[in-house]
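**Q** Can you keep this structure in mind? I'll have questions shortly.
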Amino acid sequence: MEDMIQMDRAMSTQQDIKIRANGVQVYYGENHAIKDVSVEIQDKTVTAFIGPSGCGKSTFLRCINRMNDTIDICRVTGDIRIDDEDIYDPRVDPVQLRAKVGMVFQKPNPFPKSIYDNVAYGPKIHGLAASKADLDEIVEKALRRGAIWDEVKDRLHAPGTGLSGGQQQRLCIARAIATEPEVLLMDEPCSALDPIATAQVEELIDELRQNYSVVIVTHSMQQAARVSQRTAFFHLGNLVEYADTDKIFTNPEDPRTESYISGRIG
Amino acid sequence: MIRQVRVAQSGMAGDQMSNAMILLIVLGLGAVGYFLGRRRALAKVGGDPRGLHSLPRYYGANVAMNAVVPALVLLVGWLIIQPIVINSAVSGMIPESAVSEGSSISLLMSDVRRVADGLDAAVSQGVMTEAEALRLDEDAVKEALAGVGVALGADVTAETLAAAQRYREMAGTGNVLKAIVIIGAALIGFAVAFGRTTPDFRARNVVERGVMMVLIAAASIAILTTLGIVLSLIFNTVEFFRLYPASQFFFSLSWNPSFSGRGGGSELGILPLLWGTLYISFIALLVAVPIGLFAAIYLSEYASKSVRSVAKPLLELLAGIPTIVYGLFALLTVGPLLVQVFGDDGALGVDWMQGGTAVMTAGLVMGIMLIPFVSSLSDDIINAVPQAMRDGSLGLGATHSETVRQVILPAALPGIVGAILLAASRAIGETMIVVLGAGAAARLSMNPFDAMTTVTAKIVSQLTGDSDFASPEALVAFALGISLFVITLGLNVIAMMIVRKYREQYE
Ligand SMILES: Nc1ncnc2c1ncn2[C@@H]1O[C@H](COP(=O)(O)OP(=O)(O)OP(=O)(O)O)[C@@H](O)[C@H]1O
Ligand SMILES: [Mg+2]
Numbered sequence: 036m037e038d039m040i041q042m043d044r045a046m047s048t049q050q051d052i053k054i055r056a057n058g059v060q061v062y063y064g065e066n067h068a069i070k071d072v073s074v075e076i077q078d079k080t081v082t083a084f085i086g087p088s089g090c091g092k093s094t095f096l097r098c099i100n101r102m103n104d105t106i107d108i109c110r111v112t113g114d115i116r117i118d119d120e121d122i123y124d125p126r127v128d129p130v131q132l133r134a135k136v137g138m139v140f141q142k143p144n145p146f147p148k149s150i151y152d153n154v155a156y157g158p159k160i161h162g163l164a165a166s167k168a169d170l171d172e173i174v175e176k177a178l179r180r181g182a183i184w185d186e187v188k189d190r191l192h193a194p195g196t197g198l199s200g201g202q203q204q205r206l207c208i209a210r211a212i213a214t215e216p217e218v219l220l221m222d223e224p225c226s227a228l229d230p231i232a233t234a235q236v237e238e239l240i241d242e243l244r245q246n247y248s249v250v251i252v253t254h255s256m257q258q259a260a261r262v263s264q265r266t267a268f269f270h271l272g273n274l275v276e277y278a279d280t281d282k283i284f285t286n287p288e289d290p291r292t293e294s295y296i297s298g299r300i301g
Numbered sequence: 046m047i048r049q050v051r052v053a054q055s056g057m058a059g060d061q062m063s064n065a066m067i068l069l070i071v072l073g074l075g076a077v078g079y080f081l082g083r084r085r086a087l088a089k090v091g092g093d094p095r096g097l098h099s100l101p102r103y104y105g106a107n108v109a110m111n112a113v114v115p116a117l118v119l120l121v122g123w124l125i126i127q128p129i130v131i132n133s134a135v136s137g138m139i140p141e142s143a144v145s146e147g148s149s150i151s152l153l154m155s156d157v158r159r160v161a162d163g164l165d166a167a168v169s170q171g172v173m174t175e176a177e178a179l180r181l182d183e184d185a186v187k188e189a190l191a192g193v194g195v196a197l198g199a200d201v202t203a204e205t206l207a208a209a210q211r212y213r214e215m216a217g218t219g220n221v222l223k224a225i226v227i228i229g230a231a232l233i234g235f236a237v238a239f240g241r242t243t244p245d246f247r248a249r250n251v252v253e254r255g256v257m258m259v260l261i262a263a264a265s266i267a268i269l270t271t272l273g274i275v276l277s278l279i280f281n282t283v284e285f286f287r288l289y290p291a292s293q294f295f296f297s298l299s300w301n302p303s304f305s306g307r308g309g310g311s312e313l314g315i316l317p318l319l320w321g322t323l324y325i326s327f328i329a330l331l332v333a334v335p336i337g338l339f340a341a342i343y344l345s346e347y348a349s350k351s352v353r354s355v356a357k358p359l360l361e362l363l364a365g366i367p368t369i370v371y372g373l374f375a376l377l378t379v380g381p382l383l384v385q386v387f388g389d390d391g392a393l394g395v396d397w398m399q400g401g402t403a404v405m406t407a408g409l410v411m412g413i414m415l416i417p418f419v420s421s422l423s424d425d426i427i428n429a430v431p432q433a434m435r436d437g438s439l440g441l442g443a444t445h446s447e448t449v450r451q452v453i454l455p456a457a458l459p460g461i462v463g464a465i466l467l468a469a470s471r472a473i474g475e476t477m478i479v480v481l482g483a484g485a486a487a488r489l490s491m492n493p494f495d496a497m498t499t500v501t502a503k504i505v506s507q508l509t510g511d512s513d514f515a516s517p518e519a520l521v522a523f524a525l526g527i528s529l530f531v532i533t534l535g536l537n538v539i540a541m542m543i544v545r546k547y548r549e550q551y552e
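Right, dumping it as structure tokens:
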């Protein structure tokens, strides 16, 4: 038994590194939001980012698909590589990058279009479907994986904005996975969901792990413990501790991690 | 009509001193009331404001309000009603026989008022005493009044003079009564409110209600004036349709008013004018909508903060240019330029355009005028699309322009349509540019380089110059006005409905 766990550990550390960040600094004008963060995120793994509100989890997540480029005052320095390619290299097209690194936002943001068009948006833009039937299939598959197919299959052409908050969030998840990204960034995807939908999304995340690298920001310790293999704890813009999830929750090294997971800061 | 207005004005100037005095006295009473009311409230509780229901200043305001507001309302009412009462009393005095052929009682009354005002002026300038004025006989009147600068047309008849004397007498008593009643009302209001100033009196609530009343009054004045304008339009339009068949007005294909003879021979069809209006507006929108919209997209989506901070005010500056300046621009610059290109011996050698004034000229310039209107409204609407929409689209790997085309514009579309409809209603109502840029010929033609004219331009030309306001040629202006009003009102209502629906989407 002990041996098996050891082996499992060894295997997981040997896994490929998908994302390698080195000395990343982020400034919003004068505000230094991310301070010298270096982290290695493995392929086919769920990595959780935890930490108190305002510590920079979303900010760091947005560095990975260069969404921070859209904020005028935001400045990112340091080095982030995906598959050993520097994503901040001038030759890299952020638009291409974002097709490869999908994102689900903290607040559900369906487009004011039909449910079908919401999901078909990405595949259409990237030319993933050869025919209408193809597109239908992609949409259905994405909605099924987003755990919302049963609820919307009879009203695919109703507006996506007419769904409930939790349904909208699952629609956004379906929309993100319809483009078949290699990395999926999820910023508190379950904050608007009920326990049943949360369980469905967590199941989805676990399934996605077969093929993708998933990074999830969460405020729920239980969720981090349930779905992730690796956990990073952020505090005031610093990456305080990054290790296997079991270790973070059972035997943290840093006193700040310990007080956060036991509920004393945050 | 115009003469009457002038007389009424000079009549008011004569009373102005006393009206201003009454106003000053009432306001003075209000000011005194404020301080006395405040002092009395404080005195009742021994100088400790905590013993009062409201702050001391509310007791002062209550007294001031009671003194001033009813008195002012009375004053306004009096100023409106007194002339009406006197007029009807005096015109009752004039016998039917005194109204000569081709004249009317209202014309005679305006003579009466002129004589009365002239006599007032003579007395106040010291040319004659009051007693002399009363004894004046009809032969001397004309001379005497000419001496004080009041020229009378016809000879003054005995009846007119008698009526004028009666008019003066009634106005005199009326003015004295007015002063007494209004200052009395102010004093009564003052006294009542002052008497009610006790520590338990809820002055704050009463003042609150008073403030509300004043606001309601302001709102109702705005609404009532609009209503009044509409009613007068309708009234005059009905008058017009009594003189001219409505079916011809709406369906006749030609506009050809004659000014020589009264009525008869005029063709007053709205269709050619409406066609010109719509054609010019269409060209204007064709210019303004794409340019304005693209400018708005650039400014709200692509421009950096510094560019935006310079470009947006510059664009909005265009909206501040008076339309007459645009009209000059059309007449002196754009028209000749277009002739050089499309006219005889023009750059293209096509000879489509005969003169500088044309639908195209007015349409282009009006389009330029509308650009800032479209762009600033669209800019606001595009900015109202939540950032999360853009993030969602960009996060899926869409480019900036794909995001604009496929997410932002569809989301903003209802609002943009609303903005375009508002721009259209402005184009339809625009006057100066078409007067100067489009020409004066009413014609139904497809050629955009022909001179045409619009509803607004014709309203101007029907009412300027020597026209008889009772003729169908002049009254048609009201029918044109109300048609225009209905069209723009309809457009505005549709635009507002669309904009409101769009707002709900994000709230
Ligand atoms: N668009 C922005 N402009 C300026 N400052 C920002 C912006 N977004 C975030 N910040 C700042 O960066 C810091 C980190 O914010 P971030 O959103 O990354 O926190 P977070 O860890 O995701 O918090 P939460 O758990 O509440 O979502 C905060 O101090 C915040 O004020
Ligand atoms: Mg966040």
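Protein chains in written order, with my numbering: chain W, 36 to 301; chain Y, 46 to 552.
Glycine included, every Cβ here is placed at the ideal spot set by N, Cα and C.
Quantities reported herein were computed from a predicted structural model and do not represent experimental measurements.
(1) Is the CB-CB distance between W/G58 and W/N100 below 9 Å?
(2) What residues are listed by DSSP as bridge partners for W/V74?
(3) Within 9 Å of any Cβ in chain W, is that where the Cβ of Y/S354 sits?
(4) If you follow the alpha helix (DSSP H) that W/I283 is part of, which residue opens it and which one closes it?
(5) At least one CB of chain Y closer than 9 Å to the CB of W/I40: is that the case?
(6) Cβ-heavy atom distance between W/V250 and ligand 2 below 8 Å?
(7) Between Y/Q385 and the rest of its own chain, which residues show a CB-CB distance below 6 Å, the 5 nearest in sequence each way excluded?
(8) Comparing alpha-carbon positions, which option in Y/A515, Y/V480, Y/D495, Y/P493 lies nearest Y/I504?
(9) In angstroms with no decimal places, state the Cα-to-Cα distance between W/G86 and W/E238.
(10) Of the residues that make up the segment 447-469 of chain Y, which ones have a beta carbon closer than 9 Å to any beta carbon in chain W?
(11) Given a threshold of 16 other Cβ atoms within 10 Å of its Cβ, counted over all protein chains shown, does Y/F418 qualify as buried or as exposed?
(12) Within the present structure, is the beta-carbon of W/K92 separated from the nearest heavy atom of ligand 2 by less than 8 Å?
(13) Does any C-beta atom of chain Y lie closer than 9 Å to the C-beta of W/F268?
(14) Quick check on Y/T271 - is its C-beta less than 9 Å from some C-beta in chain W?
(15) Could you please tell me which residues of the segment 350-382 of chain Y, in chain order, have their CB closer than 7 Å to any CB of chain W?
(16) Since W/V81 is in the beta strand (DSSP E), which residue starts that stretch and which ends it?
(17) Against chain Y, which members of the segment 90-124 of chain W pass a CB distance test of less than 8 Å?
(18) Pick helix, strand or coil for Y/G306, following the three-state DSSP scheme.
(19) Quick one: list the residues of chain W neighbouring Y/D425, beta-carbon separation under 8 Å, in chain order.
(20) If you compare alpha carbons, which of Y/V186, Y/V500, Y/V462 is closest to Y/P335?
(21) Quick one: residues in its chain with C-beta nearer than 6 Å to the C-beta of W/E75, no 5 flanking neighbours on either side, listed in chain order?
(22) What separation, rounded to the nearest whole angstrom, lies between the Cα atoms of Y/I225 and Y/R249?
(23) How many whole angstroms separate the CB atoms of Y/T368 and Y/L383, which I take to be in contact at a CB cut-off of 8 Å?
(24) Look at the Cβ atom of Y/A161, then the Cβ atom of Y/A209, and state whether they are nearer than 9 Å.
(25) Taking the beta carbon of Y/P459 as the centre, do at least 16 other beta carbons fall within 10 Å, making it buried, or is it exposed?
(26) What's the gap between the Cα of W/S294 and the Cα of W/T266?
(27) Which residue or residues does DSSP assign as beta-bridge partners of W/Y247?
(28) Could you tell me whether the Cβ of Y/R85 comes closer than 9 Å to any Cβ of chain W?
(29) Out of W/S73, W/K176, W/S166, W/N66, which has the shortest C-alpha to C-alpha gap to W/L274?
(30) Can you name the start and end residues of the alpha helix (DSSP H) that Y/D184 belongs to?
(31) When DSSP labels each residue in this structure, what does Y/W123 get in the three-state scheme?
(32) Taking any Cβ of chain Y, which residues in the segment 138-163 of chain W have a Cβ under 8 Å from it, in chain order?
(33) Give a yes or no on whether the C-beta atoms belonging to Y/L323 and Y/I473 are separated by under 9 Å.
(34) Going along the chain, which residues of its own chain have a beta-carbon closer than 6 Å to the beta-carbon of Y/G306, five neighbours each way excluded?
(35) Label Y/F296 either buried or exposed according to how many other C-beta atoms from any shown protein chain fall within 10 Å of its C-beta, with 16 as the threshold for buried.
(36) Considering only their Cβ atoms, is the gap separating Y/W397 from Y/N492 smaller than 9 Å?
**A** This is what the structure holds:
(1) no
(2) According to DSSP, which records beta bridges pairwise, W/V74 is partnered with W/A56.
(3) no
(4) 280-285
(5) Only weak support is given to the placement of W/I40: the predicted model assigns it a pLDDT of 49, under 50, and the question is left unresolved by the model.
(6) no
(7) G391
(8) When only C-alpha atoms are compared, the closest one is Y/V480.
(9) 23 Å
(10) E447, Q451, V452, P455, A456
(11) buried
(12) Yes, ligand 2 has a heavy atom inside 8 Å of this Cβ.
(13) no
(14) no
(15) K350
(16) 81-85
(17) N100, M102, T105, D107
(18) Any reading at Y/G306 must be qualified, since the residue scores a pLDDT of 49, below 50, and its modelled position is unreliable; the value itself is stated next. Three-state result, Y/G306: coil.
(19) Going along chain W, no residue has its Cβ under 8 Å from Y/D425, so there is no contact; the nearest lies around 18 Å.
(20) Y/V462
(21) I52, R55
(22) 31 Å
(23) Not confirmed; about 19 Å, so no contact.
(24) Yes, Cβ-Cβ distance for Y/A161 and Y/A209 is below 9 Å.
(25) Counting Cβ neighbours within 10 Å, Y/P459 comes out buried, since at least 16 surround it.
(26) C-alpha separation (whole angstroms): 16 Å.
(27) DSSP lists no partner for W/Y247.
(28) no
(29) W/S73
(30) 183-192
(31) Reduced to three states, the DSSP call for Y/W123 is helix.
(32) M138, F140, K142, N144, P145, F146, P147, K148, Y156, G157, I160, H161
(33) yes
(34) In this prediction, Y/G306 has a pLDDT of 49, which is less than 50 and means its spatial position is unreliable; what the coordinates show is noted afterwards. Here Y/G306 has no same chain residue with a Cβ atom under 6 Å from its own Cβ, once five neighbours each way along the sequence are excluded.
(35) exposed
(36) At the C-beta level, Y/N492 and Y/W397 come within 9 Å of one another.
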